[in-house]
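I have placed the structure first, in the form of structure tokens, so that the comments after it can refer back to it.
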Amino acid sequence: MNAVAPPDLAPDTIARHIHAKQVRLLYAQAPLGAVASLLVAPILALVLWEAIPSAVLLSWLTLLEITVLVRLALVIAFQRQPDRDAAIDHWATRYTWACAANGVCWGGCVFLLALSPSLVHQAFIALVLGGVLMGGVLTMTPVLATCVAYALPLTLPPLLWLLLQDDLLRAAMGATGVLYLLLALGTAHRYHQSLTHSLRLALENLGLARSYATAKEQAEASNRQLADQQAALKDSVEALREFYQAISTPRRHASEQIQAMLALGCQRFGLAIGILARIEGERYEVIQVIAPHGEIAEGDVLALGDTYCHDTVHAQSPLSFEHAAADHWCQHPCYLKFRLEAYLGAPVQVGGQPYGTLCFCDFPPRPAPFSTVDRELIQLMARWVGAVIEQDRMALAAQRQQTLLAHASRLNLLGEMASGLAHEINQPITAITLYTETCLARLRSGPVDPDELRETLKKIATQSARTHTIIQHVRQFARQSKPQYLTVRLQDLLDDIDDFLHLEARRHHVHLQQNIAPDLPPVLADPLQIQQVILNLVHNAVDAMGASDGPRVITVHARLDRGVVEIGVRDTGPGVAPDLLNQLLHPFFTTKPDGLGLGLSISQSIVEAHGGRLWATPNQGPGVTFRFTLPVASRANASERTVAALSAD
Ligand code: ADP
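As numbered in numbering that gives the first Met the number 0, residues 0 to 648 make up the sequence shown, in order.
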């Protein structure tokens, strides 16, 4: 609508723009009035040619046509001026002066009136002037000053002349002319006002339209921003969901958890290679890796300076680039050596200390830039990996402690059984001594029947083997070994500690019996540790029945219950007061004067490490029963436990 849009809607700005528009309209309508003047003046001259001296007529005509041509020249100059708005007032003034000059020339018709010989000629002149006035005024209404500057010099001299005549008819013509003049000026004024009003409205509408367009643009921009934020939010929710899924899937070993994290990163970031590396000085060691074409493998050692991780390990935030060749990374030794284009890496800390880096990379450039969510996700992953490694270290340390404690407890148990053991070993040694002395006496007393001697020597060998077996069992039981989960039959476990069990039973003249379900499936267990648990329970049961007068029976029983093997040690001792039942398993709880209070809590830790549980229940009759469960050995959990045992190593 308007070539020059208003920059704002301040009142003086609007006024300026309206004025400019009016001047442009003035110039736009000018050719019509000027051309009319150009044509009408010669016609008038032609009509008056006979009546008025030609010199006067020609002079008038020439002057008038010159002013009309000046008006037209100004119009052409204005149209050609590219920057006409800059000097719009100037252009308005010029044209007003040109119109005033033209009006003066038309006002010069007063001489023609005076020289006209007849009323008809004068009426014709008045008619022409009226027409020129109306045409001019109508085309000049956009600028009122131009209108007045044109109309007044044009009309006043002829009107005054007419009014000053002593002739009623001419005076009436003059009066009518004055009326026309007022009417023309009034109409011009009204037109001018309504034009100004509509221009103002148009400008205000334009302002509104511009405000509306700006508001629309802003709304669209915020919509786009909102959509972007929504997409980023959706992306981060999705990333968190994947991350949560990866960390919430139960996996027994840290290495499996880290491998899942590497797989998640490769898939999420669209990069083929994922590496967890440990960095010590300038040594970069690959701890775990996903590399589809074996580009790099676990255990590989590189110089830190040859890896992008050199720049990551001490960085506060993740390092990322999508196309190394496109910026300064193309000078990096890692790029020069391996041509890895895309990289995203974050430092890993373990226990607050720098450990290494978690990074993902690929040979082709990454088409899309890494998002803020990607960078936040890798930071989260790196923190989680650090926590997993720390947890794993702590678990290993705890396991080591547990093994040491269990060993100490076994030694303690052996210490408590020492006198019984000495007695147990003493018996065959005494027998061996007796048999040896008998042999010697026979040999001294003369010839000996070899068969008789052989029999006695066989007895010596048996007793010696018995001693050897007991010592073997003691050494076996006292050895310090790392947990080893094997598929074993419970009966075999019991048979191996049969000596100890009966030794314990004999200590307090207790009758020991076994009730093992015949079809019991093998269990997955560390034999030494489970023997320790059983022996500890039997030892406690014997202790408990030490002063008891009633029946003295200990029953070791086992059955399959809801998919697990349940083993129990039942005694007929005094039992446990109900309020103490919950405390029995607490470390250092003991009622014995020289007790440590660790046997049951260590047994509980052992059973729980096997995936079972240990508890005590009072018997219907006298005494208490301690029970614990063990998982049935299956091919799957057997291999899993073997891995666990190896990783503990
Ligand atoms: P300690 O034998 O050194 O006391 P334990 O942890 O083996 O340590 O046993 C803790 C306590 O549990 C014992 O002191 C005893 O009071 C109680 N207890 C264990 N077994 C029995 C049982 N069969 N009958 C009664 N009390 C028992």
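Beta carbons: idealized from backbone N, C-alpha and C, even for Gly.
Predicted model only: the values in this text are computed from it and were never measured.
- Counting along the chain, residue 360 sits inside the beta strand (DSSP E) bounded by residues 352-361.
- Per DSSP, the unbroken beta strand (DSSP E) holding residue 286 starts and ends at 282-289.
- For residue 535, the distance from the CB to the nearest heavy atom of the ligand ADP is below 7 Å.
- Rounded to the nearest angstrom, the gap between the Cα atoms of residue 472 and residue 492 is 12 Å.
- Within the same chain, Cβ atoms closer than 8 Å to the Cβ of residue 152 are found at 99, 102, 103, 105 and 106, the five residues on either side in sequence being excluded.
- The ligand ADP has no heavy atom closer than 7 Å to the beta-carbon of residue 247.
- Non-local beta-carbon contacts of residue 31 in its own chain, meaning distances under 8 Å to residues more than five positions away in sequence, involve 134 and 138 in chain order.
- Residue 305 is a Cβ neighbour of residue 333, given a cutoff of 8 Å.
- Distance check between residue 572 and each of 494, 120 and 620 places 620 closest, using alpha-carbon atoms only.
- Remark: three or more beta-carbon pairs, one from each stretch, lie closer than 8 Å, so the region 345-355 and the region 379-390 are flagged as touching.
- With a cutoff of 8 Å on beta-carbon distance, residue 592 and residue 611 are scored as not near each other.
- Residue pairing of residue 560 in beta bridges, as defined by DSSP: 563.
- Rounded to whole angstroms, the gap between the alpha carbons of residue 273 and residue 289 is 5 Å.
- A direct Cα-to-Cα measurement between residue 243 and residue 316 gives close to 22 Å.
- Residue 75 and residue 24 have their C-alpha atoms roughly 14 Å apart.
- The alpha-carbon of residue 613 is positioned some 19 Å away from that of residue 482.
- By the neighbour-count criterion, in which a residue is buried when 16 or more other Cβ atoms sit within 10 angstroms of its Cβ, residue 44 is buried.
- Assigned with DSSP and collapsed to three states, residue 319 falls in strand.
- Residue 285 sits buried, since 16 or more C-beta atoms from the chains shown fall within 10 Å of its C-beta.
- Beta-bridge partners assigned by DSSP to residue 344: 318 and 358.
- The region 395-410 makes no contact with the region 580-594, as fewer than three CB pairs between them are under 8 Å.
- Beta-bridge pairing by DSSP links residue 273 to 289 and 359.
- By the neighbour-count definition (other C-beta atoms within 10 Å, threshold 16), residue 119 is an exposed residue.
- Residue 249 counts as exposed, since fewer than 16 other beta carbons sit within 10 angstroms of its beta carbon.
- With a cut-off of 7 Å, the C-beta of residue 591 is classified as near the ligand ADP, since at least one heavy atom of the ligand falls inside that distance.
- In terms of side-chain proximity, the C-beta atom of residue 620 is found no nearer than 7 Å to any non-hydrogen atom of the ligand ADP.
- With fewer than 16 other CB atoms across the displayed protein chains lying within 10 angstroms of its CB, residue 393 is exposed.
- At least one heavy atom of the ligand ADP is found less than 7 Å from the C-beta of residue 540.
- Distances taken from the Cβ of residue 570 to the heavy atoms of the ligand ADP include one shorter than 7 Å.
- Boundaries of the alpha helix (DSSP H) harbouring residue 90: 87-106, taken from the DSSP string.
- The region 522-539 and the region 488-508 touch, with three or more beta-carbon pairs separated by less than 8 Å.
- Contiguous beta strand (DSSP E) elements confined to the region 398-426 do not occur, taking only those with 3 or more residues.
- Secondary structure at residue 365: coil, using DSSP grouped into helix, strand and coil.
- Note: residue 614 is bridge-paired with 626 in the DSSP secondary-structure output.
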